[in-house]
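Residue numbers (the working numbering): 9 to 410.
In structure tokens form, the structure reads like this:
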């Protein structure tokens, strides 16, 4: 028989303060399980996947008011997953938010209190509009999409009708301060004018709600077009040096050298170190694009992630998903999900210890035995250091409470 000593501290971890989103691809659940979007079977599956996300520290969920214009080939389409019913009568628009309210209630019931509104313009520069379906005199048809320029007067009129209605409903549902909007994912300087025009259209229509977007180009941030940037962890240094307030970070397929990530080929220590880094730099939020993306790159075809784990060879294995679509519509957690959750618990433990002994003492504890300061690019690579740090943190918590 094997034995071990177990020490339980007389304290509980504080609630998670980090905002954490893993992009939730609701269309992929309909596609994999072959159930219609908004069918009762689909809602049940969505709820299970939400619950697993929340149990592992996700507290912000990508919400498909319209089919998200993400990882979609130009001119292509993803399965329609639109929670807002739209009707066009001549030049007038009307909206039914019943399904959106059900989504919000389901998220709350499963422990996710915050929403990300899916991007209002296409990825990588806001050149076109999302796919939007509406009831017209011809029946249900696509009224916006790749063939609609972002600066289309018709889309402007649509947003001017829709966004105030959406904001009023969000406020009525008690969601003020719990919702974030997106313009376009990872814009570059060459599309600055298009992005800025899109943001200038949206900003006056959403009141005090914040716009956040993945943005790793510091020069783009300096233009003021994005006030709440989310730089990748391998491009975060200039944002840190500029002391950007309330900074977030993210990683995806491009962060494959030096920095923390969670590809299948990486050791778990490289995933788990992120919690300490988030604490060290007081990071407010973390984003990753693939909680359950079960398509090939650009969503050309649907995949079985048990068989193809790299989006048809486009991304490092594991980048596109953290959970598998298990039998019966039940998600199966990956080892990477479990390790990442431990990173979030490390962050909470450090915050608990800070409340007991102060931040300077905690930072000294982290720096113990390190030859150089811990950064996003310089950190111990072996698991023994991470485990040792958590043991020291545990011991310090116990000591402070005695």
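Each residue gets a CB set at the ideal place from its N, CA and C atoms; glycine is no exception. What you are looking at is a predicted structure, and each value in this text was computed from that prediction instead of being measured.
Asked: For residue 370 and residue 38, the rounded distance between their alpha carbons; Found: 46 Å
Asked: Those runs of the beta strand (DSSP E) which lie wholly inside the region 164 to 191 and span at least 3 residues; Found: 187 to 189
Asked: Assigned secondary structure, residue 474 (DSSP; H/G/I helix, E/B strand, else coil); Found: The structure shown does not extend to residue 474, since the chain is modelled only from 9 through 410, so no value can be given for it.
Asked: Range covered by the beta strand (DSSP E) that runs through residue 60; Found: No beta strand (DSSP E) contains residue 60, which is instead part of the alpha helix (DSSP H) from 48 to 63.
Asked: Beta-carbon proximity check, residue 351 vs residue 279, cutoff 8 Å; Found: yes
Asked: Touching by the beta-carbon criterion (3+ pairs, under 8 Å), the region 48 to 56 and the region 92 to 105; Found: no
Asked: 8 Å CB neighbourhood of residue 171 in its chain, flanking five on each side removed; Found: 210, 213 and 214
Asked: Under 8 Å between C-beta atoms of residue 29 and residue 339; Found: no
Asked: Rounded Cβ spacing between residue 107 and residue 46 (contact assumed at less than 8 Å); Found: 6 Å
Asked: First and last residue of the uninterrupted alpha helix (DSSP H) at residue 112; Found: 106 to 117
Asked: Buried or exposed by the 16-neighbour rule on C-beta atoms within 10 Å, applied to residue 113; Found: exposed
Asked: Beta-carbon contacts of residue 133 that lie in its chain and below 8 Å, excluding the five residues immediately before and after; Found: 192, 195, 196, 198, 199, 202 and 203
Asked: Residue of 136, 167, 96 and 166 minimising C-alpha distance to residue 146; Found: 96
Asked: Contacts around residue 88, its chain only, beta-carbon distance under 8 Å, and the 5 residues preceding and following it disregarded; Found: 35, 45, 75, 139 and 141
Asked: Close Cβ partners of residue 33 (< 6 Å) along its chain, the five nearest in sequence each way excluded; Found: 300 and 301
Asked: Residues of its chain near residue 42, where Cβ-Cβ distance is below 7 Å and the 5 sequence neighbours each way are ignored; Found: none
Asked: Three-state class that DSSP yields for residue 264 in the structure shown; Found: coil
Asked: Burial state of residue 269, where buried means 16 or more other Cβ atoms lie within 10 Å; Found: buried
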